[in-house]
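Reading through the C-alpha cells given below for one structure.
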C-alpha cells in the first residue's frame with residue numbers, strides 16, 4: 001500500500017482558493033444603501049401581511065345576516081354585537097376607518113369623516129385671518145355633531161362613535177355627499193349633504209330607513225351640536241365681545257346668550273341656531289321647527305394677555321321627533337361670513353344674527369347706513385367711503401345743530417333779564433320759575449328747544465356705534481396708516497400693557513379725542529354763557545369743565561382696541577361739527593337781529609298752551625299751599 005505523504009502544493013492551493021473566495025465575497029457584499037433598501041422591502045412585506053390579516057379578520061361581505069361572515073373572527077364579531085347590537089354591522093364594513101372624504105366648491109373646502117358621518121373640517125377659501133392664516137370654522141376636533149338614541153334592545157348609542165359609509169354623486173351642478181350608518185344594506189341612518197357650487201349654504205337632511213324596529217321611539221332622540229370658535233382677529237377682547245350664540249324661536253323671535261363666563265337658555269319652536277364668531281358664523285336651520293332647544297355658552301378667554309386659540313364654547317341640544325318610528329329632518333347648514341348682504345339674501349331672518357341694534361336703531365342701519373355704505377364702497381375705497389358717509393350724515397343733521405345753537409344763542413341774549421328775575425324774586429323759587437318760563441316762552445328760547453335736537457341725534461349716534469362692528473365690508477380694508485378698518489390701527493407698540501388701554505398706540509382714537517375736546521370746549525362754553533347766574537352754578541361750571549377733559553380721555557381709552565373705522569368716523573364727525581358751529585356762529589346767526597326779534601316776540605300777546613296753563617295752575621296751587629303752611 002502506498003504511503004501517504006504531506007502534499008505542500010495541495011495545502012498552498014487550498015489556501016489560495018479560500019483567499020480568492022473571501023475576496024470575491026468581500027467584493028460582492030451589498031452597499032449600505034442596498035442593505036437599507038432590503039430592510040425596507042422586508043418591513044413593507046411584514047406590514048402588508050399584517051394588513052392582509054386585519055382585512056381578513058375585519059372586513060366581511062355585505063349580506064343582511066352574519067351567518068356567512070366566516071372571514072370575521074367569531075369572537076370579535078360577538079363582541080361588536082354585544083356592544084353595538086344591530087349597528088355592529090357598520091363596524092364590519094370596509095368604511096369602518098377614520099378616513100375623510102374631501103369635497104370642494106367654489107367657496108368651501110369640506111372634509112367628511114367616516115367616523116360620525118359629519119364635517120371634520122370646513123375652510124372658507126376666500127378669506128384669511130389677520131395674520132394671513134386660512135379661516136377654518138371646523139378643524140382639529142373643535143366641533144362635534146352627534147345624534148344620541150336608545151335601541152329597542154336597551155342600548156344607548158351615539159353616532160359620533162359609529163362608522164358611516166360615504167358616497168358622492170352629482171345632482172345637476174350640485175354635489176351630493178351621502179353618509180350612511182348601516183344596519184344592513186337596506187336599513188340605515190343617512191346624513192345627506194347637497195352642496196351648491198357658489199353658495200355658503202347647503203342642504204342637510206337626516207333620515208332613517210327601516211329603523212323603526214331598531215330605534216326605541218319611547219326614548220328621546222337628541223341632536224347635539226358643539227362648537228369651539230377659533231380666534232381670527234387681532235384683538236381678542238374685541239372679537240370675543242361680538243362672538244355669541246344666537247337663535248330664532250317662536251315663529252320669528254330671536255335671542256342670544258350674550259357675554260359672561262357661562263350662559264344658558266332654552267326656547268320652544270326653534271328654527272335656527274347660529275354660532276357667531278364676529279365676522280364668521282356657522283348656522284343650523286330647520287325647515288320645520290324643533291320642538292325645544294337648549295343652549296349654553298362658555299367663555300374660553302380667561303386671560304387676554306395669552307395668545308388664546310379659542311374664544312367661546314357653544315353647545316346646542318335639539319330633540320328630533322320620530323315619524324312612524326323613523327327620523328326624517330330636513331335642514332340646511334351655513335358656513336360663511338357674517339355679511340349682512342349675504343345673510344339677508346336668504347330671506348330667513350338671518351340678518352338678526354348681526355347686532356345692528358333694536359327698534360329704530362336697527363331700522364336706521366338696515367335701511368340707511370348699510371345701503372348707503374354699500375353704494376359708496378362700490379365706487380371708492382372703504383376708508384374714503386366712511387369719510388363721505390360721515391359728511392353726508394353731518395350735512396343732513398346740520399339743521400339739528402343749527403336749532404341747538406340758535407336756542408343757546410337766544411338764552412344767552414335774555415340771560416341779563418333772567419338774572420334780574422332771579423334777583424327780584426330771590427326769596428320765592430316758585431315765582432322765579434313762573435317768570436322764567438313766561439320770559440322764555442315769549443322769547444321762544446326754551447332750554448328744551450336745545451335738548452330736543454340733541455336727542456334727535458342719539459339714534460344716529462347709537463346706530464353707527466352698532467354699524468361699524470358689524471360691517472363685514474371694512475374687514476381687512478386699509479386706509480392711510482390703518483391696515484384693517486375693522487380692527488385697531490397701530491402706530492407704536494408698547495413694551496408693556498396699560499390697564500384698560502392696551503399694549504399699543506392707535507392714532508385714530510387720539511385724533512378723535514382731540515376733536516371731541518375742542519368740540520366740547522366750544523359747546524360747553526356756549527352753554528355756560530347762556531345759563532342764568534344762580535347759586536350752585538360754580539360747582540356746575542366746575543363739573544362741566546371736568547367733563548371737557550374727562551370725555552376725550554374716556555374716548556381715548558375706550559376706542560384704542562375698537563375698529564379704526566369707528567374712530568375714523570368720530571374724528572371726521574367732530575371735525576365737521578366744529579366747522580358747522582363756526583359757520584353758524586360767524587356767518588349765519590346775527591345776535592342783534594335775534595335780540596330784536598325777541599323784543600318783538602315779547603311785545604306780542606302769546607296764547608298759552610293747555611300744558612303751560614296746567615303747569616301754571618299747579619305752580620300757583622303749590623305756592624298757595626306753601627303760604628297756608630306758613631300760617
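Residue numbers (UniProt numbering): 1 to 631. For glycine and all other residues, C-beta sits at the position ideal for the given N, C-alpha and C. The structure displayed is predicted, hence computed values, not measured ones.
Of the residues assessed, residue 91 falls on the buried side of the cut-off, its CB having 16 or more other CB atoms within 10 angstroms.
Distance from the CA atom of residue 567 to the CA atom of residue 256, rounded to whole angstroms, is 27 Å. No residue range can be given for residue 214, since it is assigned to no alpha helix (DSSP H) and is classified by DSSP as neither H nor E. Within the stretch 152-216, the complete beta strand (DSSP E) segments of 3 residues or longer fall at 156-158, 165-171, 174-182, 188-195 and 201-209, listed in chain order. By DSSP's assignment, residue 502 forms a beta bridge with 498.
Rounded to the nearest angstrom, the gap between the Cα atoms of residue 175 and residue 106 is 12 Å. Proximity of the stretch 126-142 to the stretch 224-238 meets the contact definition, three or more beta-carbon pairs being nearer than 8 Å. Note that the C-beta distance between residue 386 and residue 562 is not below 8 Å. Counting other Cβ atoms within 10 Å of its Cβ, residue 347 stays below 16 and is therefore classed as exposed. Selection 167, 242, 252 and 404 evaluated against residue 192 yields 167 as nearest (Cα-Cα). Nearest to residue 376 by C-alpha distance, out of 388, 224 and 295, is 388.
In this model, residue 435 and residue 407 are separated by some 18 Å (Cα to Cα). Three or more pairs of CB atoms, one per stretch, sit closer than 8 Å, so the stretch 217-224 contacts the stretch 141-153.
Under the three-state reduction of DSSP output, residue 137 falls in the strand class. Counting the other CB atoms within 10 Å of its CB gives residue 549 a total below 16, which places it among the exposed residues. Excluding residues up to 5 positions away in sequence, 226 and 296 lie with their Cβ nearer than 6 Å to the Cβ of residue 315 in the same chain. Within the stretch 306-385, the beta strand (DSSP E) runs of at least 3 residues that lie entirely inside it are, in chain order, 310-319 and 326-337. Within the same chain, Cβ atoms closer than 8 Å to the Cβ of residue 487 are found at 130, 233, 234, 235, 238, 563 and 564, the five residues on either side in sequence being excluded. Each residue's CA atom was taken as its position, placing residue 209 and residue 327 some 8 Å apart.
In the structure shown, the three-state DSSP call for residue 125 is strand. Residue 477 and residue 79 have their alpha carbons spaced roughly 59 Å apart. In the structure shown, residue 524 falls within a helical segment according to DSSP collapsed to helix, strand and coil. Annotated three-state conformation of residue 482 is strand, per DSSP. Measuring C-alpha to C-alpha distances from residue 82 to each of 151, 470, 93 and 99 identifies 151 as the nearest.
Check the Cα spacing between residue 219 and each of 510, 269, 157 and 163: the tightest is with 157. Going by beta carbons, residue 200 and residue 342 fall inside the 8 Å limit. In the structure shown, the three-state DSSP call for residue 583 is helix. Rounded to the nearest angstrom, the gap between the Cα atoms of residue 271 and residue 516 is 45 Å. According to DSSP, residue pairing for residue 265 in a beta bridge involves 295. Per DSSP, residue 107 is not a residue of any beta strand (DSSP E), being assigned neither H nor E. The alpha-carbon separation between residue 471 and residue 340 amounts to approximately 8 Å.
Look at residue 289 here: in three-state DSSP terms it is strand. Counting the other CB atoms within 10 Å of its CB gives residue 251 a total below 16, which places it among the exposed residues.
By the CB criterion at 8 Å, residue 202 and residue 190 fall outside the cutoff. In the DSSP secondary-structure assignment, residue 247 is bridged to 255 and 273.
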